[in-house]
Amino acid sequence: MIEIIFSESGAGALKSAQHADGKGAVIGVIITHKDGSNPSSEEIEAAQKQTEENYCKEWEKAVAIGGSPDDVFCFDLAWDMGDISETGVGDKRLDVLNALYSIYDDDTQKGAKMQFDKAKEDLSQVMKRAQNGEDIRVWYSDNPSERCGMLWFMAELRKIKDYSGRVYTIKLPKYMYDEQENTITEYFGWGEMEPAKWHRCLEYTQDKTKECWGYAQQWWNLVRENSTLRAVVNGRVRSVSEDIYDRYIWEEIDLVEDEFIQAAVIGSVLGKHQLGIGDAFVALRMEKFIESDILQVVPKTSRGPAMYHRKLRKTFDVQE
């Protein structure tokens, strides 16, 4: 079965979930302090130990979902952003990726072209296999990029007029209950789902073969509007203005001192409001504020590879 997903981290987790042994998985631990100070070595070690213990417990309960990594194809191309007038994976997608990667250092920016080229190659392979009637399973969520990606893919699949396979979807559950731990976890994208839990989501599989046309039509409507941004509003993908998330950014800016670490505000926007957007998008919106002189960059305060690792200064009271 062909597996389609719209998150790079989600694709990695899906491949790991296929064999469910935890081998090759990478565990990341992020520790931050509100004041921007670095965590101590003791704090890092404790966090790593706790994460590894939780990781092992999860894999003890894991069940392999089957399949091969060669069946997994990822189209993590920010389908909620930018010009979508092209079909397939066109050069305007590369423009969007270049804009998102522009906030990082030169080495990281090279990833945009690699990601773009891989997606073009993957789409070619998927279409060839689909023409032979292979079944397809699409993993998506209400994250705007993933939801838009699902609609885009359905439109691409409609190009095969005599497609004879079945199309299944699995929509990421909003919450997942752990009976043993008596906890509820909330998810906003497949990249957040632990590989050891993916088998529990198979129960959400739906046969959407007959609905493909409807999904494709939704995408074509969005293409006709071709706005600069798309979002999930009241359960449906809609064209929206590029400043739709600005109020949440300003809300967090209003809570900090006149001079503040930009990365801390971005982290608060992502962590508190769970909008389904990434750090790069928020950083690019804040660049608009800087261009308008609403915010100013405090010179010589960059402390990392990302452009937003610096200090900013408010030029007026946000509440006014």
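Take 3 as the starting number for the sequence shown in our numbering and just add one per residue.
The beta carbon of each residue, even a glycine, is placed where N, CA and C say it ideally should be.
Buried versus exposed call for residue i [16 or more other C-beta atoms within 10 Å across all chains shown]
i	result
residue 262	buried
residue 302	exposed
residue 3	exposed
residue 142	buried
residue 318	exposed
residue 179	exposed
residue 26	With a pLDDT of only 48 at residue 26, under the threshold of 50, the placement of this residue in the model should not be trusted, and no figure is reported.
residue 215	exposed
residue 16	buried
residue 177	exposed
residue 86	buried
residue 82	buried
residue 315	exposed
residue 238	exposed
residue 226	exposed
residue 321	Note that residue 321 scores a pLDDT of 47, beneath 50, so its modelled location is shaky; the value from the coordinates is reported in the next line. Looking at its Cβ environment, which holds fewer than 16 other Cβ atoms inside 10 Å, residue 321 is exposed.
Whole-angstrom C-beta distance between residue j and residue i, which should lie under 8 Å
i	j	result
residue 285	residue 268	6 Å
residue 20	residue 71	7 Å
residue 118	residue 91	7 Å
residue 105	residue 265	No, residue 105 and residue 265 are not in contact; Cβ-Cβ is about 11 Å, not under 8 Å.
residue 197	residue 43	Not a contact, Cβ separation roughly 28 Å.
residue 138	residue 74	With a Cβ gap of about 12 Å, residue 138 and residue 74 do not count as contacting.
residue 276	residue 190	5 Å
residue 204	residue 46	About 36 Å; that fails the 8 Å criterion.
Nearest residue (CA-CA) to residue i, options the options
i	options	result
residue 218	233, 161, 188	161
residue 200	175, 213, 157, 222	175
residue 153	221, 147, 164, 185	221
residue 234	166, 144, 194, 195	144
residue 147	10, 308, 227, 316	10
residue 169	179, 158, 177	158
residue 103	310, 256, 317	310
residue 94	230, 280, 205, 76	230
residue 80	183, 278, 313	278
residue 96	215, 78, 189	78
residue 14	193, 99, 100, 156	193
residue 202	224, 172, 228	172
residue 228	50, 241, 109	241
residue 260	289, 280, 68, 298	298
residue 253	270, 238, 237, 239	270
residue 163	181, 129, 184	129
First and last residue of the uninterrupted beta strand (DSSP E) at residue i
i	result
residue 171	169-173
residue 240	238-242
residue 262	261-263
residue 187	185-188
residue 207	207-209
residue 150	Unbroken run through residue 150 is the alpha helix (DSSP H), 146-159; no beta strand (DSSP E).
residue 177	177-180
residue 75	74-76
residue 141	138-142
residue 128	Here residue 128 belongs to no beta strand (DSSP E); instead the alpha helix (DSSP H) covers 113-133.
residue 5	4-7
Range covered by the alpha helix (DSSP H) that runs through residue i
i	result
residue 89	Here residue 89 belongs to no alpha helix (DSSP H), and DSSP marks it neither H nor E.
residue 233	From DSSP, residue 233 is part of no alpha helix (DSSP H) but of the beta strand (DSSP E) over 231-235.
residue 297	That residue, residue 297, is in no alpha helix (DSSP H); its beta strand (DSSP E) goes 297-299.
Closer than 6 Å: residue i CB and nearest the ligand MN heavy atom
i	result
residue 262	By its list of ligands, the structure shown contains no ligand whatsoever, and the ligand MN lies outside what it can speak to.
Q: Could you say if the stretch 204-217 and the stretch 244-251 meet the contact criterion of at least three C-beta pairs nearer than 8 Å?
A: no
(Q) Does the structure place the stretch 133-140 close enough to the stretch 114-122 that three or more beta carbon pairs sit under 8 Å? (A) no
Q: Determine contact between the stretch 97-115 and the stretch 229-246, defined as no fewer than three beta-carbon pairs at a distance below 8 Å.
A: no
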